[in-house]
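Worksheet: the structure to be examined is printed underneath.
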Amino acid sequence: MKLKNLISSIAGTNENVADIEVVQIQFKSRNVKKGDIFVAIKGLRHDGHNFINEAISKGAVAVIGEENNYSLPVPYIKVEDTRKALGRLAKTLYRDPSLIHNMIGITGTNGKTTTAYMVKHIFETAKESCSLFSTVSNVVNGIELMSTATTPDILELNNMLRMSTDKNVVMEVSSHGLHQKRVEGLEFNYGVFTNLTHDHLDYHQDMDDYFNTKAELFKLLKKNGEAIINSSCPWGMKLMNQLKNNRQTVFSYGNSENDDLQLLCTEAGISKIKVKESNEIFEIKMPMPGKHNLQNALGAILCTLRAGVKIQNIIYAVENFPGVPGRFEEIRHRGANFILDYAHTPDGLENLLQTVKSMKQNRIIHIFGFRGNKDKTKRLDMLDISAKYCDEIILTFDDLNGVSKDLMVTDLEKAVKYLESRNVHLIIDRTRAIEYAWKNSEKGDHIVITGKGPEPYEQEFEIPTDNDAGTIKYLFSKYYNTSKA
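When we follow this note's numbering, the leftmost residue of the sequence shown carries the number 1, and every step to the right adds one.
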């Protein structure tokens, strides 16, 4: 594509660059090749403007930046916001791929992944193809691709959307992704808001800032786009009022008779629910335990109803939903009961442990840790919640994220002291913590491991496995012939 045409969306006409051919857009100088255009992004740790000369030496034919007075051997186009410019450039280069799909964006603190997976499952049960972009995996045209972030960067997204021949696309949209404009230029048919609870306050100033960032998704709706909101969350009600004041189309799910999809009652705990939609009542047998999963299902049901899927197909799909890797993932073997879950917020952890507590079992043994360089303000809440529901707590390593091992050990020792009146242990090696819990459990106990879900370990542990599920399977194999197995 000619540079003149590419930059028309960000800088208007520039005759000096009319005949320059652009091969690709890059915002990482190490990826630049001959014929690329380089966009200088100011990141949290690095400023792309410091790598402009490197990009040019590798063959960049033009540079987009925010700074003034650059004298360069290639055209330099100044813009106010290079992140926003990157989104517009990607949209132009890839010929606006979000317009050819039925786009669904899901945001919220908890429940994004489960809701996204359920939406995909409903579409596919109804014989409609669906791409998925999530924390766990990206799936395009039925092929699973590596997932490196909740929301991929805007170049990756546009490229994969252009590759996709699927009718529908469902995407988790994180607050980081919105703030860093990783979905800039995309347009959505539906925006789903699951909930908002304490998280990421190391990144956002406060809960209001966190909320306002989440609300940015709904500015990206197409002209006839619709918002799907969980009204049982106070922040959801606030968002509904804002969107209605802006004359946007809003549909809600929750417990109120004013909701478009209303939960009427549950039977046998929450395994069977009745929902009301358009004055019709439908009974659905829930495959997953937990009130939080009930809310996730309601969001997926309402979204796919609005997208035109027949209620009979939706009910069948929900009742046969296989679940999500690392989201209340149960691993059982000859009396051993493990539950793996990504829960990493106070609300998510309480929902999980409350659900486990309601199940018939002897004791709950909880294994978890804290991620380095993440929101420390939620740690005490999570410790209190664990102590409230669990009979035994084992604190261990999670991802260090650049924090030294010594500092993390110190933080965990403080946590042990905070819980000194409880049955708590500190086992630094995560794999040994899992082994200890299993060896010291009894038939009927539940061992709950949180924080990682299906994610791979980022540091080496004594048992040579890749993740929590791998460690459990290793232990089953190693001790298979013992009385414990």
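Backbone N, C-alpha and C define an ideal beta-carbon position, used for all residues, glycine too.
*For residue 468, count neighbouring Cβ atoms within 10 angstroms of its own Cβ and tell me buried if that reaches 16, exposed if not.*
Buried.
*Measure the C-alpha to C-alpha separation of residue 116 and residue 70 and round it to an integer number of angstroms.*
Between residue 116 and residue 70, the C-alpha separation is close to 44 Å.
*Between which two residues does the alpha helix (DSSP H) harbouring residue 486 extend?*
Outside the shown range of the chain, which is 1 to 485, sits residue 486, and nothing can be said about it.
*Tell me whether residue 51 sits in a helix, a strand or coil according to DSSP, three-state version.*
Looking at residue 51 - three-state DSSP - the assignment turns out to be helix.
_Using a Cβ-Cβ cutoff of less than 6 Å, which residues in the same chain neighbour residue 204 once the five nearest sequence positions on both sides are dropped?_
Residue confidence is low: residue 204 scores 49 on pLDDT, short of 50, so the model does not pin down where it sits. No coordinate-derived value is stated.
*Given residue 484, which residues of its chain have a CB within under 6 Å of its CB, disregarding the five upstream and five downstream residues?*
The predicted position of residue 484 is uncertain, since its pLDDT is 45 and thus under 50; no value can be drawn from it.
*How about residue 151 and residue 183: do their beta carbons lie closer than 9 Å?*
Taking a C-beta distance under 9 Å as the contact criterion, residue 151 and residue 183 qualify as a contact pair.
*asked:* I'd like to know whether the C-beta of residue 169 is nearer than 9 Å to at least one C-beta of chain B.
replied: Although the question refers to chain B, the structure presented lacks it and comprises just one protein chain.
*Start and end of the beta strand (DSSP E) containing residue 65?*
Unbroken beta strand (DSSP E) run through residue 65: 62-65.
*State the DSSP-derived secondary structure class of residue 179, mapped to helix, strand or coil.*
Three-state result, residue 179: helix.
_Closest by C-alpha distance to residue 419, when choosing among 395, 399, 409 and 406_ = That would be 395, whose Cα lies nearest to the Cα of residue 419.
*Please look up how many angstroms separate the CB atoms of residue 282 and residue 121, rounded, as I've assumed it's under 8 Å.*
Under the criterion of beta carbons closer than 8 Å, residue 282 and residue 121 do not qualify as touching, at roughly 17 Å.
*In the DSSP assignment, find the unbroken beta strand (DSSP E) run with residue 11 in it and report its ends.*
Looking at the DSSP string, residue 11 is not in any beta strand (DSSP E); the run it does join, the alpha helix (DSSP H), is 8-11.
*Considering residue 78, what are the terminal residues of the alpha helix (DSSP H) in which it resides?*
First-last for residue 78: 76-78, but that is the beta strand (DSSP E), not the alpha helix (DSSP H).
_Here's a check: name, in chain order, each residue in its chain whose Cβ is nearer than 7 Å to the Cβ of residue 408, leaving out the five neighbours to either side._
The beta carbon of residue 408 is closer than 7 Å to those of 372, 397 and 400 in its chain, skipping five residues each way along the sequence.
*Complete runs of the alpha helix (DSSP H) confined to the segment 234-288 [at least 4 residues]*: Counting whole runs of 4 or more residues, the segment 234-288 contains the alpha helix (DSSP H) stretches 234-245.
*Is the segment 311-331 close to the segment 450-470, with three or more CB pairs under 8 Å?*
Contact holds: three or more Cβ-Cβ distances are below 8 Å.
*Please look up how many angstroms separate the CB atoms of residue 105 and residue 188, rounded, as I've assumed it's under 8 Å.*
Between residue 188 and residue 105 the Cβ distance is about 4 Å, and since that is below 8 Å, they are a contact.
*Using the C-alpha atoms, what's the distance from residue 436 back to residue 109?*
Taking the Cα positions, residue 109 is about 32 Å away from residue 436.
*Do three or more CB pairs link the segment 53-63 to the segment 79-86 at distances below 8 Å?*
Contact fails: fewer than three Cβ-Cβ distances are below 8 Å.
*Would you check if the segment 223-237 and the segment 292-300 touch, i.e. whether three or more CB-CB distances between them fall below 8 Å?*
With contact defined as three or more Cβ pairs closer than 8 Å, the segment 292-300 and the segment 223-237 are in contact.
*Could you name the residues of the same chain whose beta carbon sits closer than 6 Å to that of residue 39, not counting the 5 residues immediately before and after it, in chain order?*
Hits under 6 Å: 27, 64, 82 and 86.
*What number of angstroms, rounded off, separates the C-alpha of residue 362 from the C-alpha of residue 280?*
One C-alpha to the other measures close to 41 Å.
*Counting Cβ pairs closer than 8 Å, one from the segment 189-196 and one from the segment 121-131, do we hit at least three?*
Result no; under three Cβ-Cβ pairs closer than 8 Å.
*Quick one: grab the DSSP three-state call for residue 465.*
Correct three-state label for residue 465: coil.
*Alpha carbon to alpha carbon, what distance is there between residue 389 and residue 438?*
When rounded, the distance between both Cα atoms is 19 Å.
*Would a C-beta distance cut-off of 9 Å place residue 114 and residue 324 closer than the cut-off?*
The criterion of a C-beta distance shorter than 9 Å is satisfied by residue 114 and residue 324.
*Specify, as a first and last residue, the run of the beta strand (DSSP E) that residue 124 falls within.*
Element bounds for residue 124: not the beta strand (DSSP E) but the alpha helix (DSSP H), 112-125.
*Please report the residue range of the alpha helix (DSSP H) in which residue 292 lies.*
Per DSSP, residue 292 belongs to the alpha helix (DSSP H) from 291-306.
*From the DSSP output, which residues share a beta bridge with residue 190?*
As a beta-bridge residue in DSSP terms, residue 190 pairs with 104 and 226.
*Whose C-beta lies closer than 7 Å to the C-beta of residue 99 among residues of the same chain, with five residues either side of it excluded?*
If we look at residue 99 and ignore the five residues flanking it on each side, its Cβ neighbours are 187.
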